[in-house]
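Take a look at the structure below.
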Amino acid sequence: MERQFQKLSWLKIKELVPSKIDTIIFPVGTIEAHGSTCIGTDNYIPEEISLGVAQRLNALVAPLVNYGITRSLYRYNGGITVLPDTFRRYIREILNSFVDIGFKNIILMNGHGGNNSALKSVAEEFHREKQSNIAVIHWWELCSSMTNQFFGHAGGHAGTDETAMIQAIGEDMVDEKNYDPDLAYTFKAGADIYPVPGTILLYKEGEGYPEYDLKKSKEYRDKVVETVGEFAELVLQRWKKFGL
Numbered sequence: 001m002e003r004q005f006q007k008l009s010w011l012k013i014k015e016l017v018p019s020k021i022d023t024i025i026f027p028v029g030t031i032e033a034h035g036s037t038c039i040g041t042d043n044y045i046p047e048e049i050s051l052g053v054a055q056r057l058n059a060l061v062a063p064l065v066n067y068g069i070t071r072s073l074y075r076y077n078g079g080i081t082v083l084p085d086t087f088r089r090y091i092r093e094i095l096n097s098f099v100d101i102g103f104k105n106i107i108l109m110n111g112h113g114g115n116n117s118a119l120k121s122v123a124e125e126f127h128r129e130k131q132s133n134i135a136v137i138h139w140w141e142l143c144s145s146m147t148n149q150f151f152g153h154a155g156g157h158a159g160t161d162e163t164a165m166i167q168a169i170g171e172d173m174v175d176e177k178n179y180d181p182d183l184a185y186t187f188k189a190g191a192d193i194y195p196v197p198g199t200i201l202l203y204k205e206g207e208g209y210p211e212y213d214l215k216k217s218k219e220y221r222d223k224v225v226e227t228v229g230e231f232a233e234l235v236l237q238r239w240k241k242f243g244l
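Right, here's the structure in full:
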């Protein structure tokens, strides 16, 4: 069946929610520089994961929120941001609407690290005030152990993991021709830099560079969907088990 919420008529939604489907997956990202991948990387990935796990979770997938909190990469060409307070209010009002429609469970699929703290605070407040179930998933963190096992090292911003995901979603969104290892910057403790001096951000010296192996990228994408789906399914099952 169709899993994209916005492709359904209001009559179909009335039929499905909440009697047959009580879970919605809500992808959120931002627009910013990502090395040699598209500036929509943080949007395409959470949407891909959401669509990949929807059937398993018997969930609908909400329209993506494209704009988030872009900070250290804002000045690189194409960067777009909203103020944290604006972002929190906007996300919260969308969450309120999901409850009004009849959804009991919300899986918020985050694609951007700059959104993490804002989404956590919104989710805590939302849960307390609405008595609704919400899980915020930061996919790259949830999949970090699997990524280490799969590639033999951690990923990074626009590094091995994100580049593989985007290549698997669409080869035309990866600009391997213009890739330069000097695009990468390894984070050093003790410094906050705006703009950060690189658009591929690594967290360990010499590890996390893009690989551009299409076959491997598709295998990794499938593993990410499996890992996230397995975790989200566990959360939903335990909410149900405890009568939440």
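In my numbering, the protein residues as written are 1 to 244. Backbone N, C-alpha and C define an ideal beta-carbon position, used for all residues, glycine too.
1) Considering Cα atoms alone, identify which of E171, T23 and I166 is closest to Y44.
2) Could you spell out where the alpha helix (DSSP H) holding L11 opens and where it closes?
3) When DSSP labels each residue in this structure, what does Y194 get in the three-state scheme?
4) Tell me whether K120 sits in a helix, a strand or coil according to DSSP, three-state version.
5) Considering just the uninterrupted stretch of the beta strand (DSSP E) at T23, what are its terminal residues?
6) Closer than 8 Å is the cut-off here; do at least three beta carbon pairs connect the region 178 to 189 with the region 226 to 240?
7) From the DSSP output, which residues share a beta bridge with E162?
8) For Y185, which of helix, strand or coil comes out of DSSP?
9) Could you tell me which uninterrupted beta strand (DSSP E) segments, each at least 3 residues in length, are contained entirely in the region 76 to 137, listed from first to last along the chain?
10) Answer with buried or exposed for M1, where buried requires no fewer than 16 other C-beta atoms within 10 angstroms of its C-beta.
11) Just checking my contact of I107 with I25 at CB under 8 Å: how many whole Å lie between their CB atoms?
12) Looking at S50: is its Cβ nearer than 7 Å to the Cβ of V65?
13) So what does K204 bridge to, in DSSP terms?
14) Count the CB pairs spanning the region 80 to 99 and the region 118 to 132 that are closer than 8 Å, and state whether there are at least three.
15) What did DSSP end up calling G35 once you bin it into helix, strand or coil?
16) Output needed for P27: all residues of its chain with C-beta closer than 6 Å, excluding positions within five of it in sequence on either side, in chain order.
17) Return yes when the Cβ of I80 is within less than 7 Å of the Cβ of I31, no when it is not.
18) With a CB to CB cut of under 6 Å and the five nearest residues on each side skipped, what residues in its chain are close to A123?
19) Using the beta-carbon count (16 or more within 10 Å), is D180 buried or exposed?
20) How long is the line joining the alpha carbons of L8 and G159, rounded to whole angstroms?
21) By how many angstroms is the C-alpha of N58 removed from the C-alpha of Y209?
22) Does the region 190 to 203 come close enough to the region 139 to 147 to have 3 or more Cβ pairs within less than 8 Å?
23) Alpha carbon to alpha carbon, how far is R89 from H157? Give it in angstroms, no decimals.
24) Residue range of the alpha helix (DSSP H) that Y220 falls in?
25) Just mark L119 as buried or exposed, buried being the case when its beta carbon has 16 or more other beta carbons within 10 Å.
Reading from the atomic positions:
1) Among E171, T23 and I166, the Cα nearest to that of Y44 is on I166.
2) In this chain, the alpha helix (DSSP H) harbouring L11 covers W10 to L16.
3) In the structure shown, Y194 sits in coil (DSSP, three-state: anything other than H, G, I, E or B).
4) Note: K120 maps to helix in three-state DSSP.
5) Start and end: T23 to V28.
6) Cβ pair count under 8 Å is below three, so no.
7) According to DSSP, E162 bridges with nothing at all.
8) Looking at Y185 - three-state DSSP - the assignment turns out to be strand.
9) When DSSP assignments are scanned along the region 76 to 137, the uninterrupted stretches of beta strand (DSSP E) that are 3 or more residues long and fall wholly within it turn out to be 105 to 110.
10) With fewer than 16 Cβ atoms within 10 Å of its Cβ, M1 is classed as exposed.
11) About 5 Å separates the beta carbons of I107 and I25, which is inside the 8 Å limit, making them a contact pair.
12) No, these two residues do not count as a Cβ contact at 7 Å.
13) In DSSP, K204 forms a bridge with E207.
14) Counting C-beta pairs with one atom in each stretch, the region 80 to 99 and the region 118 to 132 have three or more that are closer than 8 Å, which means they touch.
15) Coil at G35, not helix or strand.
16) By the criterion of a C-beta distance shorter than 6 Å, P27 is surrounded in its chain by P46, E47, S50, L64 and M109, once the five residues flanking it on both sides are discounted.
17) A contact, by the Cβ cut-off of 7 Å.
18) Same-chain partners within the cutoff: I134 and V136.
19) Counting Cβ neighbours within 10 Å, D180 comes out exposed, since fewer than 16 surround it.
20) For L8 and G159, the distance between alpha carbons rounds to 36 Å.
21) In a straight line, the C-alpha of Y209 is about 36 Å away from that of N58.
22) Touching, no.
23) C-alpha separation (whole angstroms): 26 Å.
24) Secondary structure note for Y220: its alpha helix (DSSP H) is the uninterrupted segment L214 to K241.
25) So L119 ends up on the buried side.
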